Amino acid sequence: MEKTTRPVPNLLVLLVNGFQLALRNWPCVVWAYAVNLSFGLLAGVPLATGLAPYLDHSLAAQRIAGTIDIASLGELGTHLRDSGFFPILVHTSVWLNLLQLLLLFVLFTGSVFVFVSAEPPRISVLLRGGTAYFFRFVRAAILAGCGGAVVLAILLGLRAALLAWVDATYVGSGMFYYGLFSGAVVLLAALLVRLWWDLVEVYIVRNAMHGERSARRALLPAFRVLSRNFFRTFGSFLLTGATGVGALGLCLYLWKELVSPRQVWIAFLLAQAGLFLLLASRFWQRGLETTLVMSVDPPAVVEEEIATVEEEAPAPANAEVLTGVSEPTLSDPTLRDLVQKLQTQPWANPQPVPPPVPPPKLETEAKEPSISLLDQHAAKFPLGGPVPDEDTKEKPAGPSPKKR
Amino acid sequence: MPYPRTWLTGAALLLALSARGQVSALNSPDGKPLSQRIVAYWIDAAVNTDAKTVDATEILEYRNPSDKPIATVPFHLYLNAFRPQSTFSRESHQSYAKGTQGAIEIKSVSAEGYGDLSQTTRFTAPDDGNQDDHTVMEVILPKPIAPGEAIRFHLAFQDKFPLSVARNGYKRDFLMGAQWFPKVGVLWHGAWNCHQYHATTEFFSDFGTYNVSLRLPQRYIVGATGVQIGEQANSDGTRTLSFRGEDIHDFAWAASPHFEVADDNFFNSLGPVKVHALILASHADHRERYLSILKQSLQKYDEWYGPYPYKQITLIDAEPDSEIGGMEYPTLITAETAWWEPAWYYYGTEQTVAHEVGHQYWYGMVATNEVEEPWLDEGITSYSEGKATDSLFGRNTSLLNARTLYGSEAGLDRLSYLLHPDEDPIARLGWQFASGASYGSIVYDKTTAMLLTLEAMLGEATLRQALHVYFLRYRFQHPNGRDFLNTIAEVSGRQDLQPYFAQAIYGTEVLDYSVDSLSAGGVTGPYHSSVMVRRKGSFVFPVKLEVGFADGSKEQATWDGEDRWARFSWDKPSRVVYAQVDADQNVPLDVDSFNNSLTLRRDRTARMKLTNYWVFAQQLLAQWWSFLV
Chain A
1080 MEKTTRPVPN LLVLLVNGFQ LALRNWPCVV WAYAVNLSFG LLAGVPLATG
1130 LAPYLDHSLA AQRIAGTIDI ASLGELGTHL RDSGFFPILV HTSVWLNLLQ
1180 LLLLFVLFTG SVFVFVSAEP PRISVLLRGG TAYFFRFVRA AILAGCGGAV
1230 VLAILLGLRA ALLAWVDATY VGSGMFYYGL FSGAVVLLAA LLVRLWWDLV
1280 EVYIVRNAMH GERSARRALL PAFRVLSRNF FRTFGSFLLT GATGVGALGL
1330 CLYLWKELVS PRQVWIAFLL AQAGLFLLLA SRFWQRGLET TLVMSVDPPA
1380 VVEEEIATVE EEAPAPANAE VLTGVSEPTL SDPTLRDLVQ KLQTQPWANP
1430 QPVPPPVPPP KLETEAKEPS ISLLDQHAAK FPLGGPVPDE DTKEKPAGPS
1480 PKKR
Chain B
-12 MPYPRTWLTG AALLLALSAR GQVSALNSPD GKPLSQRIVA YWIDAAVNTD
38 AKTVDATEIL EYRNPSDKPI ATVPFHLYLN AFRPQSTFSR ESHQSYAKGT
88 QGAIEIKSVS AEGYGDLSQT TRFTAPDDGN QDDHTVMEVI LPKPIAPGEA
138 IRFHLAFQDK FPLSVARNGY KRDFLMGAQW FPKVGVLWHG AWNCHQYHAT
188 TEFFSDFGTY NVSLRLPQRY IVGATGVQIG EQANSDGTRT LSFRGEDIHD
238 FAWAASPHFE VADDNFFNSL GPVKVHALIL ASHADHRERY LSILKQSLQK
288 YDEWYGPYPY KQITLIDAEP DSEIGGMEYP TLITAETAWW EPAWYYYGTE
338 QTVAHEVGHQ YWYGMVATNE VEEPWLDEGI TSYSEGKATD SLFGRNTSLL
388 NARTLYGSEA GLDRLSYLLH PDEDPIARLG WQFASGASYG SIVYDKTTAM
438 LLTLEAMLGE ATLRQALHVY FLRYRFQHPN GRDFLNTIAE VSGRQDLQPY
488 FAQAIYGTEV LDYSVDSLSA GGVTGPYHSS VMVRRKGSFV FPVKLEVGFA
538 DGSKEQATWD GEDRWARFSW DKPSRVVYAQ VDADQNVPLD VDSFNNSLTL
588 RRDRTARMKL TNYWVFAQQL LAQWWSFLV
């Protein structure tokens, strides 16, 4: 089957479409933030409990409630350290962080799945997708981590040598700027590794659509996409990240400048707003990565599925809808429609997705219970576990309308 | 490249210097010596700035100050501490990359009338028996020096400077000549006091005169102890600078081709004092800060304790990223600053300079034994420095004053003390502390807290007067801790201070008083209000209790603190709302200020505020980890 050549989206289109993709799947962001907030509050419980005996009835607490006396804060820290409560606080914090990290990993994995597969961003879908691709993403993390470690080790070694030479020659601000700029180079390299790794994860889900389960086979395509579209990809990645960090910084600045030292709730809300925006920017990054991969390298196997469904099912009356003419007839798009759209519609002028045409009911499926697209997808493109037998393989039912 | 010197040249130098009408380095009334001048040094040194070595000859005239003959004379060879086998390196776990070690090698030692003494010289280790530690060299004399008699040693030595360690050595092309020559020990209370160089100890030596010439490449600018008395250009591109110091007990110098000279004058009751600052070109914009705090500190100490009698004080702006910054030598201090340091941040430049200028009094003139009683110089100096910066920059904001945060130097000092409140007594011998961290916390910060608490007991003016008397009585001598404490008792007129000193200085008792309970009985007035105060620590100390009532009135009570607890009651028409011990926060030795008060009403603001910070930090950390993984 011939591959359709389409223009690669430019930086602005990547940013906009990535943002739209993340926005359409806003529950992904909300669920991740909810986990982040919940675990943060959980971690705060032991501290709040432990501080009560020291602060609630002490006049010395006023040196913290108002403008903070750093010596008093430090003294409080020494008392906590010496109390039996401190190990509990530390251990709780460590374990909660590890658990949260695990949950966020699953949610991010599930989000990538939702972004690529256009599945509804329900929590059940997120968790199922996240657990189904979990080990493949872990393998990707190890592979990317090893590669990144080699690159960063070389860069850090070069930086250390540079700084040793600078230390022998310069003092004062000169030394500082050499350190700053060389550090920035290493940071950019680290971010590039992270971007490549993100693309690997997108490719893992994309490749699974034609039965490819190996994480290793996602490495090279991701690298190819990145290298061929380097500036727009890295530029948009950096822009979105900087936006998130900038939003957090703005919230913290407002906290520092506008909020009275005793106004705890307003401070809490500002801090949470900043954290939410920072987290949302990460999903924006995932959105633009998915947009890029699916535009330059959509999964070919979905075209076969579309062809197979067309052979088996009688053509609907308004067949021209499938060819991309925008004549809405149904309320919900299907995966097939989206892929058709990707193949035929130019990205520069994204059109609204035409509502799908419901296929006529076949006699064979009249008595069968409806099977969700996820399960159909899972049957044809195994997400994990054993591949179903040929003999027991069910013919996929026609797509049924689904609600987002 | 070494510059060979002969004894003839050294003797000629000695003769030349003796023959001149000596330029005095003092503003001394009548030009009389201020100290006993037990030692006189003439050192002629050639500095190889490429190899970081010094080749030198030294003539030391030592006069037996005791009433007994002495048959051995020990010398400090401090630079030998920077070898892997030394006691200093073992205690500090210091490691040295190739070519970065330091050492001092004695080429020859003889004495006039005694001949060559090389064969009767040996290394000793009086503190820990480490025979590989060559920081003390003992010369055994064929015949003893009679009481009051003098001996003139001739030594030739070579220094190898280490790469910047413990305020010594070089960094880039900056050289710090500290503890760089063989220095005789102190005959104190009838015995030699010449300790090895330990990780946590400093120095102890006798007062005398120093005449030093340094030969370096012409591009180097040099700052040194004393005053410069001569300069001679040499044909090989070097120049020889001559310095003289009087009534001092050490000689240090620093050299860099990047110094810019900034001179000013300070006037005290004895006359003008030249303020001579050598500031690195990269810190040129900090010139006014350095000069200002230098003069302000001199002014404060002159007012409080007594006059600075030398004609010059030299400030060396230490090389960045070195271990050289922040050290005291007679009439010379090193300090450090940073190019980014904003003017409102006092904890770097200003705090360092105020501290080191304080050492001109407590170490430079009142020359206590820094090795055995480090608290007498470091602790009193830290206290003095805190008083100076408080008076200059504000008591509670001498460190930091921002919209959401503030901090004082006294507060940070106390915080440091709280990290090791009872690990060692203040009066512990300098090398016997549990750790370097304990040494720092106790010697500097617990001593400061002890003196501030004493100040609360005696009154600020009384303690200041006691320090003034102590300075005038013991300057240019070697007092000990008992001399200091007796002076305080004498000036304050208090004979009941002994229990306080016994616990605070010689013991490890912990001071902690708390308000244990607070109640107000009665539904309507009159209310029976009751407060229970408890002594939680082992340190007994009188406390003042303040109790506040709903109608705004306050009551005071005093407790001697002897028993474990005490209860106070009032019957008043208004109920009690709070009770507090040490309401004025004048007892920094109290290890827990949070239990010093109790309020009836609960206020969750501080707790929720800190919890908010913690929750934010946990969330940010998790997002960061999820970005990485």
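So the sequence lines, in the order shown, correspond to chains A and B.
The number in the working numbering is simply the position in the first sequence, starting from 1, with 1079 added.
Once you know that position 607 of the second sequence is 594 in the working numbering, the rest is easy, because the numbers rise by one and skip nothing.
All C-beta atoms, glycine included, are put in the ideal place defined by N, C-alpha and C.
Nothing here was measured: the structure is a model prediction, and the numbers come from that model.
Beta bridge pairing from DSSP links B:ILE127 with B:THR59. Under the Cβ criterion of 8 Å, B:PRO307 is counted among the residues facing chain A. Judged by their CB atoms, B:GLN338 and B:GLU372 are nearer to each other than the 8 Å cut-off. A straight line joining the alpha-carbon of B:SER222 with that of B:ILE132 spans about 43 Å.
Assignment of beta-bridge partners to B:PHE253 by DSSP yields B:VAL260. Under a 10 Å Cβ-count criterion, B:ARG460 is classified as exposed, with fewer than 16 other Cβ atoms of the shown protein chains found around its own Cβ. For A:ASN1308, no chain B residue has a Cβ inside 8 Å of its Cβ, as the nearest lies near 22 Å away. Residue range 1105 to 1134 is occupied by the alpha helix (DSSP H) that includes A:GLY1123. With a threshold of 16 other beta carbon atoms within 10 Å, B:LEU450 meets it and is buried. If the five residues before and after B:ARG401 are omitted, its C-beta is found closer than 6 Å to the C-beta atoms of ALA436, PRO575, all from its own chain and listed in chain order. Taking the Cα positions, B:ILE208 is about 11 Å away from B:ARG202. For A:HIS1158, the enclosing alpha helix (DSSP H) begins and ends at 1149 to 1161. From the beta-carbon of A:PRO1340, the residues of chain B found nearer than 7 Å are THR391.
In terms of beta-carbon proximity, B:ARG70 stays away from the interface with chain A, with every pair separated by 8 Å or more. With a threshold of 8 Å between beta carbons, A:ASP1277 makes no contact with chain B. Inter-residue distance for A:TYR1282 and B:ASN599 is about 39 Å (C-alpha atoms, whole angstroms). Within chain B, not a single residue places a beta-carbon under 7 Å from that of A:ASN1089; the smallest gap is close to 26 Å. With fewer than 16 other beta carbons inside 10 angstroms of its own, A:SER1252 counts as exposed. Taking C-beta atoms as the reference points, B:ASP193 and B:VAL26 count as a pair closer than 8 Å. Between A:LEU1371 and A:VAL1304, the C-beta gap is smaller than 8 Å, which places the two residues in contact.
For the stretch 1347 to 1381 of chain A, residues whose beta-carbon sits nearer than 9 Å to a beta-carbon of chain B comprise PHE1347, ALA1350, GLN1351, GLY1353, LEU1354, LEU1357, LEU1358, ARG1361. By the neighbour-count criterion, in which 16 or more other beta carbons inside 10 Å mark a residue as buried, B:LYS130 falls on the exposed side. Those residues of the stretch 550 to 582 of chain B placed with their C-beta closer than 8 Å to a C-beta in chain A are TYR565, GLN567, ASP579, SER580, PHE581, ASN582, ordered along the chain. For B:GLN215, the enclosing beta strand (DSSP E) starts and ends at 214 to 220. Judged by beta-carbon spacing, A:HIS1289 lies beyond the 8 Å limit of A:ALA1219, meaning their Cβ atoms are not closer than that value. Contact annotation: in the stretch 1125 to 1147 of chain A, residues whose CB is within less than 8 Å of a CB in chain B are LEU1126, ALA1127, LEU1130, ALA1131, TYR1133, LEU1134, ASP1135, HIS1136, SER1137, LEU1138, ALA1139, ALA1140, GLN1141, ILE1143, ALA1144, THR1146, ILE1147. Chain A has a Cβ within less than 8 Å of the Cβ of B:ALA593.
Excluding sequence positions up to five before and after A:CYS1330, its CB lies within less than 6 Å of the CB of LEU1349, ALA1352, GLY1353, all in the same chain and listed in chain order. For the 8 Å CB-CB criterion, A:VAL1250 and B:PRO307 form a contact. Contact between A:VAL1279 and A:ALA1268 does not hold, since their C-beta atoms are separated by about 17 Å, which reaches or exceeds 8 Å. One finds ASN1115, PHE1118, GLY1119, ASN1176, GLN1179, LEU1180, LEU1183 in chain A with Cβ atoms closer than 8 Å to the Cβ of B:ALA609, taken in chain order.
In the three-state scheme derived from DSSP, where H, G and I count as helix and E and B as strand, A:ALA1239 is classed as helix. Collapsing the DSSP output to three states places B:GLY232 in a strand. Of all residues in the stretch 306 to 335 of chain B, only GLU306, PRO307, ASP308, ALA325, TRP326, TRP327 come within less than 9 Å of chain A when Cβ atoms are compared, listed by chain position. Looking at the DSSP output, B:HIS141 sits in a beta bridge with B:ILE46, B:SER97. Assignment of B:ASN180 by DSSP, reduced to helix, strand and coil, places it in the strand class.
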